[in-house]
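Its first residue numbered 356, the sequence shown is counted upward by one per residue in my numbering.
All C-beta atoms in this analysis are idealised placements derived from N, C-alpha and C, irrespective of residue type, glycine included.
As the structure is a prediction and not an experimental result, all values here were calculated from the model.
To keep things clear, I will list the structure first and then write my remarks on it.
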Amino acid sequence: MRIRAVLGLTLAVLAVPSGGEPLSTSASQPSPAIDHRVRERVQREGRARVIVELQLPAGVHVPEAHLTAVAAAAQRADITAARAQIESRLAWTTHRLTRRYQTVPLLALEVGPDALRELEAAPLIVRRVLTDERLAPTLPQSGPLVQADQAWSEGYDGTGTVVAVLDTGVESAHPFLAGKVVEEACYSTTFSGQSVSLCPNGQDTQLGTGAAAPCGFGDCWHGTHVAGIAAGNGAGTGQSFSGIARGAQLMAVQVFSRFDNPNDCGGGAPCIMAWSSDIIAGLERVYALRASRTFASANLSLGGGLFSSYCDGEPYKPIIDNLRAAGIATVIASGNDGATNAISSPACISTAISVGSTTKSDIVSSFSNVAPILSLFAPGSSITSSVTGGGFGTASGTSMATPHVAGAWAILKQAGPGATVTQTLSALQSTGVLLTDARPGGSVTKPRIRVAQALAALLPDATPPTVSITTPASGATVSGAAVTVSATAADNVGVAGVQFKLDGTTNLGAEDTTFPYSVAWNSTTATNGLHTLTAVARDAAGNTTTSAGVSVTVNNTGPALPDVIVTALSYAGGVFTSTVKNQGTTSGKAATRRTGWRRTTDTASSASAARTALTYPT
């Protein structure tokens, strides 16, 4: 099958689930599943390109990052052994080996009728035989829209990370990409009568400097445009804009081949398409370099077909799983068929990151494929970036949306190098602007990425709040039961609450969790004299800061106790009767106040004792 995406490349892919047993023969063993298109092509043309999924003794392929070093080596040995058995069985048949893989249980071949029969007769080492498909290719305004500039201002631009671009090659000498391409590879196939390799050396594989040079016709500008969106840097180019991860480096992988038959090209020839087997080889090369390069993402702006649900039977799944387990996201265009309930392959693989396109007005692009299984939206309409020949051009497509996400991944990788693909995806999804597909038949709602918001969600918050007391002023004298103590507080994420304290230990009321932060302090509970007020601000991550202390003097001295003046004292029968007048001061003032007159009686053992008692202050 051949797949084309607007301004994006499509790939040919065969997917095969893993599982199986050691080589043997058994009449009861079901025959391997053979893609009907393989049979039809062999009958029609006498040969077909296929991807064979190998049976493994363990039954399933496990991403290597989930295995111990010993177990990973054992799994690779099982893959090598199964592959060797197949190659041995096919030795006498009409076939050609096109790709071997080291880490995934796949083998790419060109087979004739006899080779196909031999594969079908080996159910204990062959699980499935699928067609090797062909896929076709599918900023200033968009950078700020996804908050790339805000991330740059916080010190995150993808520096120290690498974005792999599997596409039509990259013009590494382009001023927008100067010094950025640190790895190159080419996987492109010459297949007699159909495709011709575009590797500069004319072979099916080339590694090293110059290997990913773009071809010189048709859509060969595509990879350079995609690379610029992901990681271009406008400094020194005369341009006022840069790509999303302007500090990131690039790995360029050329995976397209030239087709000269108008029937293959759907009309105009020549055209470029990518074989699935070559794309898988490119992804495996990224995986092989993971120890020497800090890969954030692999960008695939290509695809074909339409799938309304996950397509985990496609042959890309094992290598995408390997990359994901190693912390590398495979970011893939959803396709440009305008579908409202389906996306292309390999974007439809559950462990890939699928990307649909929006306009700069946050409207789903008319051409974008969308489905409930879509991961994210990003701008893809009218995006300006680098093109071959040292210039710049504007293009639209999910191919342009995808590197926005691949570049965002590089920024987030720099900020949180230990984050998993799942954690990074969750940060982008939970903080994105939710957009609903309003096209006829559309209903899906998905998030359009916002990088700065995702940064805040992804990073552990290690920044404490700031806080200072605003009232009372330092040196103030306070009194009474309702002294207002207030503070200002701020935090990079948000203040959770402020607790006021007296002398560093005593809480003044409960923590205030709403702005403005204040408490009413009953100062009469404190002793008169000098005291220190502080405020402790807390954020949601548990970071705290204690303000500078504010010294205040508490003065709650009451009125002087009055003297009791006893007059008209009389004594009769052991009972004294007197008239008492209270007088005293209020608030330290010398004014005399009349509190009233009262008659009182008391008893005492003697007149002198009674008189003494009654003249005491009360």
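Report back the beta-carbon spacing between alanine 603 and glycine 513 to the nearest angstrom; my notes put them in contact at under 8 angstroms.
3 angstroms
Quick one: what does DSSP say lysine 715 is sitting in, helix, strand or coil?
coil
Are leucine 729 and isoleucine 766 close, meaning C-beta to C-beta below 8 angstroms?
no
With a threshold of 7 angstroms on Cβ separation, who are the neighbours of arginine 438 within its own chain once the five nearest residues in sequence on each side are excluded?
By the criterion of a C-beta distance shorter than 7 angstroms, arginine 438 is surrounded in its chain by Leu409, Arg455 and Leu462, once the five residues flanking it on both sides are discounted.
Check whether valine 833 and valine 905 have beta carbons under 8 angstroms apart:
no
Contained beta strand (DSSP E) runs [length at least 3] in the stretch 418–462, N- to C-terminal order
Qualifying beta strand (DSSP E) stretches, in chain order: 450–455.
Exposure label - threonine 791; buried when at least 16 CB within 10 Å
exposed
Can you tell which of His577, Tyr671 and Gly591 has the C-alpha that lies nearest to the C-alpha of serine 751?
Of the listed residues, the one whose Cα sits closest to serine 751 is His577.
Chain-order list of residues whose beta-carbon lies under 6 angstroms from that of alanine 420 (same chain, five-residue window excluded):
Contacts found: Ala680 and Ala681.
Can you tell me where the beta strand (DSSP E) with tryptophan 576 in it begins and where it stops?
From DSSP, tryptophan 576 is part of no beta strand (DSSP E); its letter is neither H nor E.
Mind checking whether the beta-carbon of valine 799 lies closer than 7 angstroms to any heavy atom of the ligand MG?
Among the components of this structure there are no ligands whatsoever, and the ligand MG is therefore not found.
According to DSSP, simplified to helix, strand and coil, what is arginine 949?
Low confidence applies here, because arginine 949 scores a pLDDT of 33, under 50, leaving its location unreliable and the question unanswered by this model.
Nearest candidate by alpha-carbon position, reference isoleucine 675, set Asn691, Pro819, Leu655 and Ser612:
Leu655
C-alpha gap between valine 891 and phenylalanine 855, whole angstroms
6 angstroms
Limits of the alpha helix (DSSP H) - the one that cysteine 703 falls within
Cysteine 703 -> no alpha helix (DSSP H), and no H or E assigned at all.
Using three-state DSSP, classify proline 815 as helix, strand or coil.
coil
Same chain, Cβ closer than 7 angstroms to serine 663, five either side skipped, listed in chain order
Sequence-distant partners of serine 663 (beyond 5 residues in either direction) whose C-beta falls short of 7 angstroms from its own C-beta, in its chain, are Asn696, Ala697 and Ala726.
Starting from glutamine 604, trace the beta strand (DSSP E) both ways and give me its first and last residue.
604–609
Relative to the C-alpha of serine 547, which candidate in Ala624, Arg451, Leu857 and Arg648 has its C-alpha closest?
Just measuring C-alpha positions, the residue of Ala624, Arg451, Leu857 and Arg648 sitting nearest serine 547 is Arg451.
So, is asparagine 883 buried or exposed, given that buried needs 16 or more other C-beta atoms within 10 angstroms?
exposed
Alpha carbons only, please: which of Phe747, Thr869, Thr912 and Ser902 is nearest the one belonging to glycine 593?
Phe747
Smallest Cα separation from methionine 628: which of Ala643, Thr516, Gly658 and Pro827?
Comparing Cα-Cα distances from methionine 628 to each of Ala643, Thr516, Gly658 and Pro827, the minimum goes to Gly658.
Hey, how far is the Cα of leucine 857 from the Cα of serine 829?
Taking the straight line from one Cα to the other gives about 14 angstroms.
Given that a residue counts as buried once 16 or more other Cβ atoms are within 10 Å of its Cβ, and exposed if not, what is arginine 425?
It is worth fixing the name first, because residue 425 is valine in this sequence and not arginine. Counting Cβ neighbours within 10 Å, valine 425 comes out exposed, since fewer than 16 surround it.
For alanine 817 and histidine 886, the rounded distance between their alpha carbons:
Rounded to the nearest angstrom, the two C-alpha atoms are 32 angstroms apart.
Taking the alpha-carbon positions, what's the leucine 562 to lysine 535 distance?
17 angstroms
Contact between the stretch 768–787 and the stretch 604–614: three or more CB pairs below 8 angstroms?
no
Any idea what DSSP makes of arginine 613, helix, strand or coil?
strand
Output the distance between the C-alpha atoms of proline 827 and alanine 812, rounded to the nearest integer angstrom.
Roughly 37 angstroms separates the two Cα atoms.
What's the gap between the Cα of glutamine 778 and the Cα of valine 641?
Straight-line Cα distance between these residues: approximately 21 angstroms.
Measuring straight from C-alpha to C-alpha, what distance separates alanine 809 and leucine 783?
5 angstroms
What's the C-alpha gap between alanine 533 and glycine 745?
11 angstroms
Cβ separation of threonine 516 and threonine 714, assumed to be a contact under 8 angstroms, to the nearest whole Å
Actually they are not in contact, since the Cβ atoms of threonine 516 and threonine 714 sit about 28 angstroms apart, beyond 8 angstroms.
Whole-angstrom Cβ separation of valine 466 and alanine 403, contact assumed at under 8 angstroms?
The Cβ separation is near 6 angstroms, so the contact holds.
Closer than 7 angstroms by C-beta to glycine 951: which residues in its own chain qualify, once you throw out the five before and the five after it? Chain order, please.
A caution first: glycine 951 carries a pLDDT of 37, below 50, which makes its placement in the model too unreliable to give a value.
Look up arginine 399 in the DSSP assignment and say whether it is helix, strand or coil.
helix
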